[in-house]
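I have placed the structure first, in the form of structure tokens, so that the comments after it can refer back to it.
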Amino acid sequence: MLHHAISALTNILRPDLDLSKSRLETLCMIVIGMVSARSVNLGHLACERPGSALTSSTYRRLQRFFQHVHLDEDWSLPLLVRLLGLNKSWLLALDRTNWQIGKTEVNFLVLAVVTRRFRVPLVWSLIEGRGCSDTDMRIALMERYLANFPATTIRLLLADREFVGAGWMEFLSKNNIPFAIRVREIFALRPRTVTTLPCAQGCAWPAVAGLFAPASAHARTQPPAIRRS
1 MLHHAISALT NILRPDLDLS KSRLETLCMI VIGMVSARSV NLGHLACERP
51 GSALTSSTYR RLQRFFQHVH LDEDWSLPLL VRLLGLNKSW LLALDRTNWQ
101 IGKTEVNFLV LAVVTRRFRV PLVWSLIEGR GCSDTDMRIA LMERYLANFP
151 ATTIRLLLAD REFVGAGWME FLSKNNIPFA IRVREIFALR PRTVTTLPCA
201 QGCAWPAVAG LFAPASAHAR TQPPAIRRS
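With UniProt numbering as the guide, the letters of the sequence shown map in order to residues 1 to 229.
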């Protein structure tokens, strides 16, 4: 059963990976093994080997793979888009996910594609500690995406209220990336052509037209974050 699964996955990955037959099969063995063993421990993965190979020799094979094979940071991005069967443009979501392993904080900034049932991570970066991302991190993540696909593939970028900032919004606008980002209701929109509009009323603005000003004197000023299209 595992042999057939590894063979099928090898055929799927071959067009996108420039690896030898042996190393591609080893990669597929690792992927299938993680699903079967529900672990990333190489000792456990070696026990999921197909055929009659010794566990010790399979373990050494897995070690050699990680010792000698170096995949590009975003090698899986074109592969995932192809497997998802996406059309000319798609929805992207920018978010953060974090958890703890013992006392160690694991905090990722993730750019995912939105499907009907799932959010599939495309590119991600590790954030040190428990804090939020900054503008430079977000721009760097988007530039990795844009290195593989043009901005025209982004139908809309969705993000939560923590993903604001003048430099960030300017980057999205300059690169013609349409976006819809939540903002706090205490802020008000100040377009260039109409009177101030409280965000608490709910609105969708066709372009970045000004700055969000605090609705109260004690709130901080925020850059535009409702919608650009």
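A virtual CB, placed ideally from N, CA and C, is assigned to each residue, including glycine. No experiment lies behind these values; they were computed from the predicted model shown.
How long is the line joining the alpha carbons of residue i and residue j, rounded to whole angstroms?
| i | j | result |
| --- | --- | --- |
| W124 | S56 | 34 Å |
| S7 | V120 | 24 Å |
| A5 | T152 | 36 Å |
| S39 | I101 | 14 Å |
| S52 | W168 | 55 Å |
| G202 | T135 | Low confidence applies to G202: its pLDDT is 44, below 50, so where it sits in the model is not reliable, and the reading given next is rough at best. If I take the Cα positions, the gap works out to 25 Å. |
| L84 | L122 | 11 Å |
| residue 234 | M142 | Residue 234 is absent from the structure shown; the chain starts at 1 and stops at 229. |
| I50 | R60 | The sequence shown places Pro at residue 50, rather than the Ile named in the question. When rounded, the distance between both Cα atoms is 15 Å. |
| R184 | F65 | 48 Å |
| L172 | E48 | 46 Å |
| T58 | D16 | 25 Å |
| F149 | L126 | 22 Å |
| L2 | K103 | 36 Å |
| L86 | S76 | 15 Å |
| S22 | I12 | 15 Å |
Take residue i and list the residues in its own chain whose beta-carbon comes closer than 8 Å to its own, dropping the five residues that flank it on each side.
| i | result |
| --- | --- |
| L146 | N175 |
| M34 | V40, L45 |
| R130 | N98, E105, N107 |
| L62 | T26, M29, I30, L42, L45, A46 |
| S36 | L2, E48 |
For residue i, count neighbouring Cβ atoms within 10 angstroms of its own Cβ and tell me buried if that reaches 16, exposed if not.
| i | result |
| --- | --- |
| A46 | buried |
| E73 | exposed |
| E128 | exposed |
| residue 241 | For the chain, the structure presents residues 1 to 229; residue 241 sits outside this window and is missing. |
| G43 | exposed |
| S133 | buried |
| L71 | exposed |
| L24 | buried |
In its own chain, which residues sit with a C-beta less than 6 Å from the C-beta of residue i, not counting the 5 before and 5 after it?
| i | result |
| --- | --- |
| L19 | none |
| R144 | D74, V123 |
Which residues in the same chain as residue i place their Cβ atom closer than 7 Å to its Cβ, once the five residues preceding and following it in sequence are excluded?
| i | result |
| --- | --- |
| F163 | L94, R138, I181 |
| L9 | C28, V31, I32 |
| S89 | T152, T153, I154, R155 |
Please confirm whether residue i has its beta-carbon closer than 9 Å to some beta-carbon of chain B.
| i | result |
| --- | --- |
| V114 | The structure shown contains no chain B; it is built from a single protein chain. |
message: Taking 8 Å as the cut-off, does the stretch 78-94 touch the stretch 113-121 (at least 3 CB pairs, one atom from each stretch)?
response: Under the three-pair Cβ rule at 8 Å, the stretch 113-121 counts as touching the stretch 78-94.
task: List in chain order: all unbroken beta strand (DSSP E) runs of 3+ residues lying wholly within the stretch 136-161.
output: DSSP runs (the beta strand (DSSP E)) wholly in the stretch 136-161: 154-159.
- prompt: Of all the beta strand (DSSP E) runs that stay within the bounds of the stretch 56-142, which reach a length of 3 or more residues?
  reply: Runs of the beta strand (DSSP E) lying entirely within the stretch 56-142, each at least 3 residues long, are 90-101, 104-114, 119-126 in chain order.
field: the stretch 90-97 in contact with the stretch 153-160 per 3-pair CB rule at 8 Å
entry: Between the stretch 90-97 and the stretch 153-160, the count of Cβ pairs shorter than 8 Å is three or higher; the stretches touch.
Start-end ranges of the alpha helix (DSSP H) lying completely within the stretch 4-61, minimum 4 residues: Counting only runs of 4+ residues, the alpha helix (DSSP H) found wholly inside the stretch 4-61 occupies 21-37, 42-46, in chain order.
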